[in-house]
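The block underneath contains the structure these notes are about, expressed in C-alpha cells.
There are 2 protein chains.
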Amino acid sequence: MPKKKLSEAVPGGGPGGSGATSYDVAELAGVSQSAVSRAFRTGASIAPKTREKIMRAAKQLGYQPNAFARGLITRRTNLVAVVISNLTNLYYPEVLAELTQRLSAQGHRVLLFSLASESEIDEMLGLIWPYRVDGAIIAARLKDDQIRQFNDRGIPIILYNRVGEGEPAASVCCDSASGERELVRNLLAAGHRRFGIIAGPQDSYVGEERLDSARRHLAAAGIEPFIYRGGFDYHSGDEGLRALMEASGGALDAVIATNDAMALGAMDCARGVYDLAIPQQLSIVGFDGVGPATWGGYQLTTIRQPVRRMAEAAVDMLIERIEQPGMIPEQRLFGGELLPGRSARLG
Amino acid sequence: MPKKKLSEAVPGGGPGGSGATSYDVAELAGVSQSAVSRAFRTGASIAPKTREKIMRAAKQLGYQPNAFARGLITRRTNLVAVVISNLTNLYYPEVLAELTQRLSAQGHRVLLFSLASESEIDEMLGLIWPYRVDGAIIAARLKDDQIRQFNDRGIPIILYNRVGEGEPAASVCCDSASGERELVRNLLAAGHRRFGIIAGPQDSYVGEERLDSARRHLAAAGIEPFIYRGGFDYHSGDEGLRALMEASGGALDAVIATNDAMALGAMDCARGVYDLAIPQQLSIVGFDGVGPATWGGYQLTTIRQPVRRMAEAAVDMLIERIEQPGMIPEQRLFGGELLPGRSARLG
DNA sequence: CTGTTAGCGCCTTCAC
DNA sequence: GTGAAGGCGCTAACAG
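Residue numbers (our numbering), protein chains in the order written: chain X, 2 to 348; chain D, 2 to 348.
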C-alpha cells in the first residue's frame, strides 16, 4: 500500500486539474505508481496485460499524465515557441497553419507569440524562458544578442525568412534574390524600361533583399527605378502607385512591389484612379503568392513561396536539432515559383 | 549552507534549461532559496534591499523561474488554449492576433491548436489535458460531451462565434440574425426581388444562423431564394454564382453570401464571367468585414464584426472565470456594423 | 517485467 | 521579514 496521499475525493478534481494522479490510477488498477508511469511512456517495458488494466483504470478516472511534472524531470516540455511579428500580414496565416499542424503531428505543442512591433522582442523573450521550450521557430527580426540568448541556453531555433547577421543560426528562406531576378529579367525582355518599385519597411529582412535584388538587376540594364517605401500592406500599394506616378510624371512601364498585398493595392489604384489597363498600359508584379493574388479580379504575376515545403523544412530542422543538440547551423534556401498571372507582360 | 544540489557548473546549463535554479541565485546572493522565490512572486513580503540583491544575482545568472515547477505547485499554468478550426479563413488571423496580444497583456501564454477538420477535436482535447491549461477560447464546433469534459475538469472556456447546444457554456458571438436581417431589409427596400444565397458548410454554426436568418426574412416578404452550398472559401463564391445563374436562368437581382470570401468570389465571377455591372445589374452582399472586402476593387457591402471588442470580451470573460471559478455561463452578443460599400443597391 | 527510492525546481506552510 | 521542511506529480535509476 503506497503511503503517498491520493488526490482528494472530488471526481472532477480541484480547479485546473483533472484531479486524478498516477497514484489514483495505480490504486484502482492494483499496481504501483511507476507501472502507471510506464504505461504512459512510449518504449517502456511493460506487460501488455498490465498496461491494459492500467489504461482501463485511467480512462475511468479521466487520467492524463501531467505534462508539468513530466517536463520538470525530463527537461523536455514538448513545447515549441512560434513567434510571428505581424499576423495580419496575409502571408502568415498559411505558414502558421502549416507549422502548427506539422508540429502537432510530431508531438509538439505550439506556444504562440505575436508582436505588435519588433521592439517587443526582448519583452517576449522574458515570457518564453520560464516555459523551457524545446525549440523555437521565429519569423521576426532577431538581433544577434537575442539569437545568442537562445544559443547560450541551448535552445535550438529556426529563423523563418530571415538569417542571423553575425551570430550563426539555422534558417529557412525563400530565395528573394533569384525570384526578383526572374521577374526583372522577364519584364526587361518584354520591353519595359521605366520602372517603379514599391518597397517594404526597412526593418523587414526579405523586403530589403527583394528591393536590393530588383535594383541590382535593373542597374545592370542601365535602369534606375523610382522607389517608394511602404509598409507591406494593401494601402501602401495604393499610396505607392500614386507617389510613383507623380514622381515619374505618369511615365511608367512597370511596377515591382516587394510583396503581394502592396501589388494588389497598386493594381486597384492603377485601374480605379488612373484608369490604366493592366497589363497593356502598366505591368505590376508582386511577391509571395498569397491567396488573393490568384483571385479572378487580380491574377497577379508574382513569385509563389513554397510555403508547405518551407514549413516542413523548418519543422524537420528544428526537431533534428532538438533530438540531437549541437548540430551545425544550416541555411536552407527554397526557390520560388513564377506565377505568370495576367498583371504583367513577360518576355 | 543548503544541502540541496546546485545546478552543475556549465554556465549555459544543460540542454533545454537556462541552468540556473533558485538555489544558485540564493547562494550567489547569500540568502535562502525561499527568499529568491519570494522575490519573484508578486505580493510576497520581502525587504526591498533583499529583493534587489537577489535580482542582481538572478540577472547575472540569467535566472528565470521555471514555469513547470511553479505550475506544478500552484496549479496555475498561465496557459490558455486557443483552438481555431481553419486558420486560413481570412477572418481568423485578425481574431488570433487580438486574442494573443490581449492574453499576453494579462499574463497568459497562448497554446495554439488548429484543426484541419472538425473531426480532430477529440484527438486535440487529449493533447490539451496534460498541459493543465487555465482556460480555453474555442472557435470550433464542440459537441456537448466535449464541452462537458471542460466543465468536469473545472476548466473555463469561452466559445467564439458558437454557442453550446445543450451543455451550458459562456460565449461571445456576433449577431448573425440581426446582421443578416439588416442586409435583407435594405435589399428589399431597394426593390430586389429575385434572390440567390451562397451558404456555408452545414457544420458551421454561424453559417447556418446567417442562412436561416436570410431565408426567414425573405420568406416574410414572400420570397423564396435559390440556394447554393459552398465551403466559405473564395472559390465557392465563383462556383456558387455559376450555379445560381443556371438555376435562376440568369434572372437574379441580388446574391447574399454568408461570408465575405464567397461574396468576393461571386463578384469576380459576375464581372469576369457574366459581364454584369455591380451593383447596377446585380447586388452582392457578404458578412464579416475582412480586410479584402474594403479593397478598392471590391468595396463589398457587408456586415463588419466588431473583432476587437469581441476578442476583448472573450479574454475578459475568460480571465474572470479563471480567477473566480463557478461563474454562471453568460452569452454576449455583439451587433455588427453595416458597411455600405458599393457592391449592392440598398434602400 | 515490476516495485522502491530519490529527486526535478519551486511554492507553501510554519517557526523564528 | 526570513529560513527550514515538506510536497506538487512524475520519471529515472536501481533492486528484485
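Backbone N, C-alpha and C define an ideal beta-carbon position, used for all residues, glycine too.
- D/Asp289 sits in a strand when the DSSP states are folded into three classes.
- Take the alpha-carbon of X/Tyr24 and the one of X/Ser33: they are about 8 Å apart.
- Put simply, the stretch 301 to 314 of chain X touches the stretch 97 to 104 of chain X. At least three CB pairs are less than 8 Å apart.
- Here D/Met263 is buried: its Cβ has 16 or more other Cβ atoms, across all protein chains shown, within 10 Å.
- Distance from the CA atom of D/Ala314 to the CA atom of D/Gly342, rounded to whole angstroms, is 27 Å.
- Proximity of D/Asn67 to chain X, defined by a Cβ-Cβ separation below 8 Å, is satisfied.
- Residue pairing by DSSP places X/Ile85 opposite X/Ser115, X/Ala140 in a beta bridge.
- For D/Ile279 against D/Gly241, the beta-carbon gap comes to about 15 Å, at or over 8 Å, which does not count as contact.
- Residues are counted here when their Cβ sits less than 8 Å from a Cβ of chain D; for the stretch 94 to 110 of chain X these are Pro94, Glu95, Leu97, Ala98, Thr101, Gln102, Ser105, Arg110, given in chain order.
- Restricting attention to alpha helix (DSSP H) runs no shorter than 4 residues, the stretch 48 to 95 of chain X encloses them at 49 to 62, 68 to 75, ordered along the chain.
- At least one CB of chain D lies nearer than 8 Å to the CB of X/Thr89.
- In the structure shown, D/Tyr275 falls within a coil segment according to DSSP collapsed to helix, strand and coil.
- Beta-bridge analysis with DSSP links D/Tyr161 to D/Val173.
- As computed with DSSP, D/Gln332 is found in a beta bridge with D/Ser172.
- In this chain, D/Ala345 is not harboured by any beta strand (DSSP E), its DSSP state being neither H nor E.
- Distance from the Cα of X/Trp296 is smallest, within the candidate group D/Ala248, D/Asp239, D/Val256, D/Ala312, for D/Asp239.
- Residues of the same chain with a CB within less than 6 Å of the CB of X/Pro66, apart from the 5 flanking positions on each side, are Phe41 in chain order.
- Contact check for D/Leu319 and D/Val81: beta-carbon distance about 7 Å, within the 8 Å limit, so the pair qualifies.
- Taking the C-beta atoms as reference points, D/Phe233 is found no nearer than 8 Å to D/Ala248.
- In this structure, X/Arg333 lies near X/Val173, with their beta-carbon atoms less than 8 Å apart.
- In this structure X/Gly72 is buried. Its beta-carbon is surrounded by 16 or more other beta-carbon atoms within 10 angstroms.
- For the options D/Ala21, D/Asn260, D/Gly298, D/Ala255, the alpha carbon positioned closest to that of D/Arg230 is the one of D/Asn260.
- When the beta-carbon positions are compared, D/Asn187 and D/Gly348 come within less than 8 Å of each other.
- Residues of the stretch 297 to 314 of chain D whose Cβ lies closer than 9 Å to any Cβ of chain X, in chain order: Gly297, Gly298, Tyr299.
- Residues of chain D with a Cβ closer than 8 Å to the Cβ of X/Pro131 are, in chain order, Gln65, Pro66, Asn67, Ala68, Arg71.
- Residue-level contact check: X/Pro202 does not touch chain D, since none of the beta carbons of chain D fall below 8 Å from its beta carbon.
- Straight through space, the alpha carbons of D/Tyr299 and X/Ala178 are spaced by roughly 33 Å.
- For X/Phe114, the chain D residues whose Cβ falls inside 9 Å of its Cβ are Thr101, Ser105, Arg110, Val111, in order along the chain.
- Under the 8 Å criterion on CB atoms, X/Asp276 is classed as non-interfacial with respect to chain D.
- In the three-state reduction of the DSSP assignment, D/Leu265 falls in the helix class.
- Rounded to whole angstroms, the gap between the alpha carbons of D/Ile285 and D/Ala255 is 6 Å.
- About 24 Å separates the CB atoms of X/Tyr92 and D/Arg110; that is not less than 8 Å, and the two are not in contact.
- In the DSSP assignment, X/Tyr235 falls outside any beta strand (DSSP E) and within the unbroken alpha helix (DSSP H) covering 235 to 249.
- In this structure, DSSP gives X/Gly31 a state outside helix and strand, which the three-state scheme calls coil.
- The Cβ atoms of D/Ser86 and D/Ala30 do not sit closer than 8 Å to each other.
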